[in-house]
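Below, the structure is given as structure tokens:
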């Protein structure tokens, strides 16, 4: 029993890391599946477009899904037509950047594998690029580079294999550049946010714990919705007057739906906390 509780405590404390690790495994599996099942380099003039589609379009789809399942996205966009300032509230601009994690992982894994990049860049017809890649190679390289990914050219095996290794090396270098740049930007962003924090480290930890606990109270919505639906159905079938059922008014719903930035002047830890203490503004 103690071992189970310790394991649960580990997953709770490191759930973000575990979640990102699971996402990385899914991304690697998805990229491998695409490479083996769906991807077929045409080895023609379509190489460049075809390779770029498989390299970037899945990342774009993952970005859309990331924003779609992010609850803060809907807090920002719900009602923004009436109040456009909700989209860029002060201090909350970077709340949805975690949607970029999956696309960056896809780009890193895809570039590290090199299959999509190899197909795309073998179809480039830029003379300067061809001279750089085909340096010290036979003239067939300029004519049959697009066939390298499929091993259909008439070049010798050592020359063709060297070209494939060169393209794959370029892809892997770009992949490590992507992950290194992302890690550096993440570190700098985290440092900037921490430096500009209006609260101390322990209070920030308390704030995060409170925010997580408030998110876990979704059953309160289910409870009140169940009570309201039961009251309405009973009144309908029993033909009686409804009992008073207090609910937040429109202004309170709107105020509770906004994203919150901590203020050092008043210790409120969420929009609901502020709403309960001060009422809608």
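Numbering (full-length UniProt numbering), first residue to last: 1 to 281.
The beta-carbon is built from N, C-alpha and C at its ideal position, and this holds for glycine as well.
What whole-angstrom Cβ distance do residue i and residue j have, given they're in contact under 8 angstroms?
i, j, result
"residue 245", "residue 228", "6 angstroms"
By DSSP, does residue i sit in helix, in strand, or in coil?
i, result
"residue 200", "coil"
"residue 219", "helix"
"residue 43", "coil"
"residue 251", "helix"
"residue 244", "coil"
"residue 98", "helix"
"residue 226", "helix"
"residue 266", "coil"
"residue 103", "helix"
"residue 123", "coil"
"residue 258", "coil"
"residue 81", "coil"
"residue 58", "helix"
"residue 114", "coil"
"residue 232", "helix"
"residue 51", "helix"
"residue 30", "helix"
"residue 279", "coil"
Determine the closest residue to residue i out of the options, with distance taken between C-alpha atoms.
i, options, result
"residue 109", "25, 100 and 191", "25"
"residue 75", "276, 275 and 256", "256"
"residue 115", "78, 34, 232 and 131", "34"
"residue 247", "220, 269, 241 and 240", "220"
"residue 167", "179, 124, 192 and 188", "124"
"residue 179", "230, 103, 226 and 200", "103"
"residue 253", "129, 216, 213 and 78", "78"
"residue 170", "50, 133, 200 and 188", "133"
Inside the stretch 129-186 only - alpha helix (DSSP H) runs reaching at least 4 residues: 140-144
Cβ contact check for the stretch 149-156 and the stretch 175-187: 3 or more pairs under 8 angstroms: no
Stretch pair the stretch 135-148 + the stretch 159-173: three plus CB contacts closer than 8 angstroms: yes
At least 3 beta-carbon pairs within less than 8 angstroms: the stretch 132-141 vs the stretch 61-69: no
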